[in-house]
Amino acid sequence: MDELINYNGYEEFKQAVNRVLNRTVEDFVLTGYLLKQARDTDILQGSGYADEKEFAWSEYKLDASQVSRYIKINDKFSEGGYSPKLQDQYQGFGYAKLALMLTLPEEVVEELTPAYSKTEIQAVKEEIEEEEKITDIEVILEGQKEEQKDLGNLEKALHQIFHDEPELYKTMHETVRTTCGTKYLQEVLAPDGDKIYSIRIQGIGRIMLYMHESKDITLHMVRSGEKEFYSWDDALSYCAMITDSDDAEKTWEEVYGEEFPKKEEIAPVQPKKRKESKVVKAKPERSGTKPADSQTKQPDAPTNKEENNEEKEENGTPRSVSIPAMEKEPKKTEEATEVKTEIPQEKHDETQIPGQTELTKDFPEYCPPDMNISEEQPEEVKGAYATRRLYISSVDADTAAEYMGKAMEKAIRNMPGVSFGVLTKESFWKEFFETEVDRNGAEIECVN
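Our numbering applies: residue 961 is where the sequence shown begins, and numbers increase by one.
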């Protein structure tokens, strides 16, 4: 039996584990550095290759987009932007997350930690992209809510969060009235230690609220890129102000001037897989609350609700959230039901095996917003995507075996110089199976 390695305490042991788990991403950073050397020096002179791209393709079958990705990762995440070593703050992220983070603003990247999954980082990216679709003039024309005009930015953000999440408000209400200290509020708002809330403030735009149990709250104004910093005591003070009576639902109604929504009117909680998502997306306004410019429309006209729903989708709110007003329009609900029962016939073969996994029904949280068919767009069906694990579970054994062979061949080709010992690491397989693919199993590229 090989001699066991002795470590001088936990810290030394932990450092050894970190070195092993980070080896793969370090190799990617090193690969980017070497390709930059081939690009910037005369090291290829006499090799017969015109540049680093031709060299990488001929020798390692790395195409131009892969070469570009390696170099960009080295530019952004290596020490000094030109080094074979990864910066300390990016240790533990993994290659897939770093590739995705290349597409995010620096103001967002500096707030992320390795605790966020690739799916959660992708959710942040989608929220920012939705806000970018809205022009400044559209935001101005929305007009601010009267009840938010005199609030500070943190207060506006919390006011909107508790409006969009009434059940979260009830939990916060009980916590604030029965406990003392910020740590209990942290357990409500950031139960896993890290949480990102994406909130859309009418007349202002999207705000990203980054919450960490060990440091101040960061408020990021997405449209301007500006940041503000608040203590947990600031958050607790506002929460105490909006929980001044014993009855949580009655107090919520007094704060927001609306009837507390019934359980079925609240957006359904997505089924939990391993843990609750650390990223909370912006929610649409419930019926009864409209932008300022909607006051010129006839309030009872049935087409107003359809127009408001279309406007909310254009403003970046998720299409997957159920709209309470549908309960008041049974005819429209029946039509929506008929549309949804027809869609699977277009997406799946008639020979689908009974009980086989269906992404849009069984795993809606992994599907893009465009897969959740709205009443206004019943015929538009776009390509589905999910994780590689879910794709494999949805096909038969022969197809899965053939697919795994090709996927592993591509994965290994993308790891030049990496020891095959990596294939025994849990971190490699977790990243492999969490990679997003389209309905045909083809990997979705994060960076062009």
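All residues carry an ideal CB built from backbone N, CA and C; glycine is no exception.
Predicted model, so just to flag it, every value in this text is computed and none were measured.
Best match in the options for proximity to residue i [C-alpha to C-alpha]
i, options, result
"Glu986", "Thr1211, Glu1012, Tyr1055", "Tyr1055"
"Leu1022", "Glu1369, Glu1391, Leu1128", "Glu1369"
"Val1215", "Glu1236, Ile1159, Met1201", "Met1201"
"Ile1031", "Glu1039, Pro1151, Leu994", "Leu994"
"Ser1205", "Tyr1042, Val1136, Lys1175", "Val1136"
"Gly1163", "Ala1208, Gln1047, Ala1117, Met1171", "Ala1117"
"Met1171", "Glu1089, Arg1160, Asp1152, Val1182", "Asp1152"
"Glu1147", "Val1397, Arg1160, His1133, Ser1158", "His1133"
"Lys1155", "Cys1140, Asp1176, Thr1139", "Asp1176"
"Gln1409", "Asn968, Ala1024, Asn1034", "The question about residue 1409 has no answer, for the chain in this structure spans 961 to 1408."
"Glu1396", "Asn966, Gln1047, Ala1059", "Ala1059"
"Thr1142", "Glu1107, Asp1194, Thr1095", "Asp1194"
"Lys1243", "Lys1057, Tyr1157, Cys1199, Gln1047", "Tyr1157"
"Pro1126", "Thr1203, Val1239, Met1364", "Thr1203"
"Cys1199", "Pro1221, Lys1366, Leu1111", "Leu1111"
Separation of residue j from residue i, as counted between CA atoms
i, j, result
"Leu1350", "Glu1115", "40 Å"
"Glu1012", "Ile1003", "10 Å"
"Ser1387", "Ser1028", "24 Å"
"Ala1010", "Lys1085", "36 Å"
"Tyr1144", "Met1168", "22 Å"
"Glu1173", "Trp1017", "46 Å"
"Trp1389", "Arg1399", "20 Å"
"Ser1043", "Thr991", "10 Å"
"Arg1183", "Phe1189", "17 Å"
"Met1061", "Ala1208", "40 Å"
"Glu1394", "Ala1346", "9 Å"
"Thr1131", "Leu1179", "22 Å"
"Asp1124", "Gly1040", "42 Å"
"Phe1122", "Leu1149", "11 Å"
"Gln1005", "Thr1073", "42 Å"
"Ile1159", "Thr1384", "41 Å"
"Glu1213", "Glu1219", "6 Å"
"Tyr1129", "Glu1098", "30 Å"
"Ile1161", "Gly1217", "17 Å"
"His1119", "Tyr1076", "25 Å"
"Phe1392", "Ala1357", "19 Å"
"Asn1275", "Gly1052", "Summary for Asn1275: the model assigns pLDDT 38, below 50, so the residue's position carries little reliability, and this model does not support an answer."
"Met1181", "Asn1113", "9 Å"
"Thr1045", "Ile1404", "According to the sequence as given, residue 1045 is Lys; it is not Thr. In a straight line, the C-alpha of Lys1045 is about 27 Å away from that of Ile1404."
"Glu971", "Thr1095", "50 Å"
"Ala1367", "Ser1354", "16 Å"
"Asn929", "Lys1222", "For the chain, the structure presents residues 961 to 1408; residue 929 sits outside this window and is missing."
"Thr1063", "Arg1348", "22 Å"
"Ile1100", "Thr1138", "40 Å"
"Gln1108", "Lys1093", "24 Å"
"Phe1015", "Asn966", "43 Å"
"Gln1047", "Gly1365", "34 Å"
Integer-rounded CB distance, given that residue j should sit under 8 Å from residue i
i, j, result
"Pro1065", "Gly1185", "7 Å"
"Ser1197", "Glu1080", "Not confirmed; about 29 Å, so no contact."
"Ser1038", "Val989", "5 Å"
"Ala1360", "Ile1352", "5 Å"
"Lys1078", "Lys1057", "5 Å"
"Lys1241", "Glu1087", "6 Å"
Exposed unless 16 or more other CB atoms sit within 10 angstroms - verdict on residue i
i, result
"Glu1070", "exposed"
"Ser1436", "A question about residue 1436 goes unanswered here, because the residues of the chain that appear run from 961 up to 1408."
"Thr1211", "buried"
"Gln1082", "buried"
"Gly1343", "Low local confidence applies: a pLDDT of 44 at Gly1343 is under 50, so the model's placement there is unreliable, with the coordinate-based value given in what follows. With fewer than 16 Cβ atoms within 10 Å of its Cβ, Gly1343 is classed as exposed."
"Glu1089", "exposed"
"Lys1105", "buried"
"Glu1102", "buried"
"Glu1302", "Confidence in Glu1302 is poor, its pLDDT being 38 and thus under 50, which makes the residue's placement unreliable; the coordinate value appears in the next sentence. Exposed: under 16 other Cβ atoms inside 10 Å."
"Ser1007", "exposed"
"Gln975", "exposed"
"Tyr1050", "buried"
"Glu1019", "exposed"
"Ser1025", "exposed"
"Cys1140", "exposed"
"Ala1402", "exposed"
"Glu1362", "exposed"
"Glu1091", "buried"
"Asp1000", "exposed"
Item checked: Whole beta strand (DSSP E) elements within the stretch 1074-1143, 3-residue minimum -> None, since the stretch 1074-1143 contains no complete beta strand (DSSP E) of that length.
Notebook entry, point to check: What residue ranges within the stretch 977-1023 form continuous alpha helix (DSSP H) runs of no fewer than 4 residues, ordered along the chain?
Noted result: 983-1000, 1012-1020
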